[in-house]
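In UniProt numbering, the protein residues as written are 1 to 290.
Have a look at this one:
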């Protein structure tokens with residue numbers, strides 16, 4: 001893959017974006033918009049999205065506000081209207097290629113919302129969708145009383161941040177594998193979420209759970225999940241997946257993996273699953289990369 005690093009203006013903010021191009025000579029087939037998780041950043045996925053670029057799919061990852069190399073208070077990701085502006089910018093960055101969508105954890109929820117909006121004819125329909133351990137229940141482990149209190153507080157201090165409660169050992173076994181990682185991951189990553197963004201995630205959850213299960217479509221849809229995931233439990237994943245009516249959907253659970261399947265010691269199993277799924281989609285060649 002050949003990564004391109006740039007900054008692009010979105011909704012008045014100069015935001016960092018990585019475009020991962022297939023290697024020269026690789027037939028170009030499509031683009032994939034990937035959404036990273038809360039506290040996450042695009043450079044982590046230089047060592048993850050190779051099953052796409054190796055098959056001629058250009059990948060686009062934008063660091064959200066308050067994340068990675070984009071500006072903003074760490075953990076405050078803006079608002080739903082701002083996210084809609086990010087979606088529009090990401091689609092524009094595909095340069096008219098057929099495009100798919102993908103995402104991990106919080107980014108998985110954003111991806112499911114994108115899919116829902118597309119099936120509601122509010123966005124261009126993607127060619128495929130992959131989610132890994134999506135954040136299906138942002139309010140999990142919190143009482144209704146707590147969520148109600150946060151909702152009221154968020155109206156006064158939406159940018160105030162709290163710890164997500166997620167720790168590295170909840171995400172993976174042992175140390176994260178070394179690959180194309182940036183030299184300063186501790187600086188780029190964080191474990192914060194703002195009150196305002198937390199409430200917006202709950203609104204997006206409601207939108208997805210209310211509307212997505214109603215649609216019938218043959219869009220290729222892959223849901224991967226760690227069976228030992230404490231952050232986004234597999235029980236939630238199975239229940240949600242079973243409610244979907246998408247005719248070309250596939251669920252793959254890795255029994256011994258935690259939240260970040262792509263950072264586990266046996267992550268090659270995930271990459272093999274992705275590769276087989278992408279090959280089965282059989283996207284047509286458009287032209288070769290010079």
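Quick reminder that beta carbons are idealized off the backbone N, C-alpha and C, glycines included.
> How would you label residue 155, buried or exposed, when you count the other beta carbons within 10 angstroms and need 16 or more for buried?
Replying inline: For residue 155, the number of other beta carbons within 10 angstroms of its own is below 16, and it is reported as exposed.
> Which two residues bound the contiguous alpha helix (DSSP H) that contains residue 281?
Replying inline: 268-281 is the extent of the alpha helix (DSSP H) around residue 281.
> Is residue 88 helix, strand or coil by DSSP?
Replying inline: Correct three-state label for residue 88: helix.
> Where does the unbroken beta strand (DSSP E) through residue 222 begin, and where does it stop?
Replying inline: From DSSP, the beta strand (DSSP E) with residue 222 extends over 221-226.
>> In whole angstroms, give me the CA-to-CA distance for residue 195 and residue 285.
In response: Distance between the alpha carbons of residue 195 and residue 285 is about 45 Å.
>> Distance check for residue 244 and residue 222, CA to CA, integer angstroms please.
In response: Whole-angstrom Cα-Cα distance: 12 Å.
>> Quick check for students: name the residue ranges of the alpha helix (DSSP H) that lie wholly in the segment 12-98, counting only runs of 4 or more.
In response: For the segment 12-98, whole alpha helix (DSSP H) runs of length 4 or above, ordered along the chain, are 50-53 and 80-93.
> Quick one: is residue 218 buried, meaning 16 or more other Cβ sit within 10 Å of its Cβ, or exposed?
Replying inline: The residue is exposed, with fewer than 16 neighbouring Cβ atoms inside 10 Å.
> Hey, residue 309 and residue 66 are a contact pair by Cβ (cut 8 Å); roughly how many whole angstroms apart?
Replying inline: Because the chain is modelled from 1 through 290, residue 309 falls outside the range shown and cannot be assessed.
> Buried or exposed: residue 225, going by 16 or more other Cβ atoms within 10 Å of its Cβ?
Replying inline: Residue 225 is buried by the Cβ-count criterion.
> What is the C-beta distance between residue 170 and residue 258, in whole angstroms, given that I count them as a contact (C-beta under 8 Å)?
Replying inline: At roughly 7 Å, the Cβ-Cβ gap stays under 8 Å, so residue 170 and residue 258 are in contact.
> If you draw a straight line from the C-alpha of residue 158 to the C-alpha of residue 200, how long is it?
Replying inline: When rounded, the distance between both Cα atoms is 10 Å.
>> Taking 7 Å as the threshold (C-beta atoms), are residue 236 and residue 135 in contact?
In response: No, these two residues do not count as a Cβ contact at 7 Å.
> Can you give the Cα-Cα distance for residue 248 and residue 52, rounded to whole angstroms?
Replying inline: Computed Cα separation, rounded: 19 Å.
>> Do residue 125 and residue 278 count as a contact pair if the criterion is CB distance below 7 Å?
In response: No.
>> If the criterion is Cβ atoms closer than 7 Å, does the pair residue 100 and residue 36 meet it?
In response: No; because the gap between Cβ atoms is not below 7 Å, this pair is not in contact.
> Which stretch, first to last residue, makes up the alpha helix (DSSP H) that contains residue 6?
Replying inline: Where residue 6 is concerned, there is no enclosing alpha helix (DSSP H), although the beta strand (DSSP E) it sits in stretches over 2-10.
> For residue 161, which of helix, strand or coil comes out of DSSP?
Replying inline: Note: residue 161 maps to strand in three-state DSSP.
> Shortest alpha-carbon distance to residue 261 belongs to which of 142, 131 and 60?
Replying inline: Minimum Cα distance to residue 261 is reached at 131.
> What's the C-alpha gap between residue 87 and residue 42?
Replying inline: Cα to Cα, the separation comes out at about 15 Å.
> Can you name the residues that DSSP bridges to residue 129?
Replying inline: Residue 129 is bridged by DSSP to 101 and 221.
> Per DSSP, which one or two residues make a beta bridge with residue 253?
Replying inline: 225, per the DSSP bridge assignment.
> How far does the alpha helix (DSSP H) with residue 148 in it reach, from first residue to last?
Replying inline: It spans 144-156 - the alpha helix (DSSP H) in which residue 148 sits, taken as one unbroken run.
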